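Take a look at the structure set out below.
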Amino acid sequence: MDLFERFVTLWVVIDPIGTIPVFIAVTAAMSAPERRKTAMIAAATSAGVLLFFLLLGQILIDALGISLLSFQVAGGIVLFLFALTMIFGESKPESEKQSADVDAELDEGPSPAVFPLAVPSLASPGAMLAIVLLTDNTTVSIADQAITAIVMLGVIAIAYLCMLTAGPIIRLIGNSGAAIVSRVMGMILASVAADLVIGAALEIAKTGSL
Numbered sequence: 009m010d011l012f013e014r015f016v017t018l019w020v021v022i023d024p025i026g027t028i029p030v031f032i033a034v035t036a037a038m039s040a041p042e043r044r045k046t047a048m049i050a051a052a053t054s055a056g057v058l059l060f061f062l063l064l065g066q067i068l069i070d071a072l073g074i075s076l077l078s079f080q081v082a083g084g085i086v087l088f089l090f091a092l093t094m095i096f097g098e099s100k101p102e103s104e105k106q107s108a109d110v111d112a113e114l115d116e117g118p119s120p121a122v123f124p125l126a127v128p129s130l131a132s133p134g135a136m137l138a139i140v141l142l143t144d145n146t147t148v149s150i151a152d153q154a155i156t157a158i159v160m161l162g163v164i165a166i167a168y169l170c171m172l173t174a175g176p177i178i179r180l181i182g183n184s185g186a187a188i189v190s191r192v193m194g195m196i197l198a199s200v201a202a203d204l205v206i207g208a209a210l211e212i213a214k215t216g217s218l
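Per this note's numbering: the sequence shown = residues 9 to 218.
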């Protein structure tokens, strides 16, 4: 997978644009310094979660005795289902804003920077799966894994900038625009997921084993 494909995959699963309405919803009552702090904590937390999966995700898979091709098929299917929810279900901004509203009403739960901003908005289940699949130790060199880490951190940095400029962006595209972007990203993610499953199936057919 080349650099552009890696960027597109991580952009789709992290979805910086889709995080903007969520950020606006959970920081509506905050001052400007508090919003900046929340954006920083959310970006740092999501980066830490995804780096954990980049470094240790495959070790956990190997410890469980699961072959990478099996994980690639399963991961591709899960990513595809995740993409379907983006396309046909509630859009990411809508569903995660509802989660934030419930927590606000209950006046309990973790900081909004951690939930729902860091997890599951930025470090989504799809992003966790994608980062493991993109850094396969058996087929991807350490240098390429480092490049993937840099690309991932770059996408999160863009998400951080989007949160800092959330007001003007949401005024420009509106909540409906953010929902449309989320669904288009879902279509792209579905294509990436299908490619993962087809690639694994061809490899299994060629080698005759998992």
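In this text, a Cβ means the ideal position worked out from N, Cα and C, and glycines have one as well.
Please read these numbers as outputs of a predicted model, since none were measured by experiment.
For the alpha helix (DSSP H) assignment, the uninterrupted runs of no fewer than 4 residues enclosed by the region 14–98 are, from N- to C-terminal side, 24–34, 40–71, 76–96. Between the region 46–53 and the region 210–217 there are fewer than three inter-stretch CB-CB distances shorter than 8 Å, so the stretches are not counted as touching.
With fewer than 16 other CB atoms across the displayed protein chains lying within 10 angstroms of its CB, Leu-63 is exposed.
Judged by DSSP in its simplified three-state form, Pro-120 adopts coil rather than helix or strand. Beta-carbon to beta-carbon, Thr-143 and Thr-156 are separated by about 6 Å, close enough to satisfy the 8 Å threshold. Here Val-205 is not near Gly-65, since their CB atoms are 8 Å or more apart. The beta carbon of Phe-88 sits closer than 7 Å to those of Ala-198, Ala-201, Ala-202, all from its chain and outside the five residues before and after it, given in chain order. Straight through space, the alpha carbons of Cys-170 and Ile-188 are spaced by roughly 17 Å.
Only residues of its own chain outside the window of five on either side were considered, and among them Leu-161, Ile-164 have a CB closer than 7 Å to the CB of Ala-55, listed in chain order. Boundaries of the alpha helix (DSSP H) harbouring Leu-197: 174–215, taken from the DSSP string. Beta-carbon to beta-carbon, Leu-58 and Ile-178 are separated by about 25 Å, too far to satisfy the 8 Å threshold. With a beta-carbon spacing of about 27 Å, Leu-11 and Ile-212 fall beyond the 8 Å limit used to define contacts. A residue is called buried when at least 16 other Cβ atoms come within 10 angstroms of its Cβ; Met-38 does not meet this threshold and is exposed. The three-state secondary structure of Thr-143, taken from DSSP, is coil.
C-alpha of Val-20 to C-alpha of Arg-43: approximately 24 Å in a straight line.
When the Cα atoms are used, Leu-72 and Tyr-168 turn out to be separated by approximately 35 Å. Spanning the alpha carbons of Ala-186 and Leu-180 requires a straight line of approximately 10 Å.
Contact between Gly-26 and Met-193 holds, with the beta-carbon distance rounding to 7 Å and staying under 8 Å.
Note on Thr-17: 16 or more other CB atoms within 10 angstroms of its CB, so buried under the neighbour-count rule. Look at Ser-132 here: in three-state DSSP terms it is coil, with no helix or strand label.
Rounded to whole angstroms, the Cβ separation of Ala-121 and Thr-53 is 7 Å, and the two are in contact under 8 Å.
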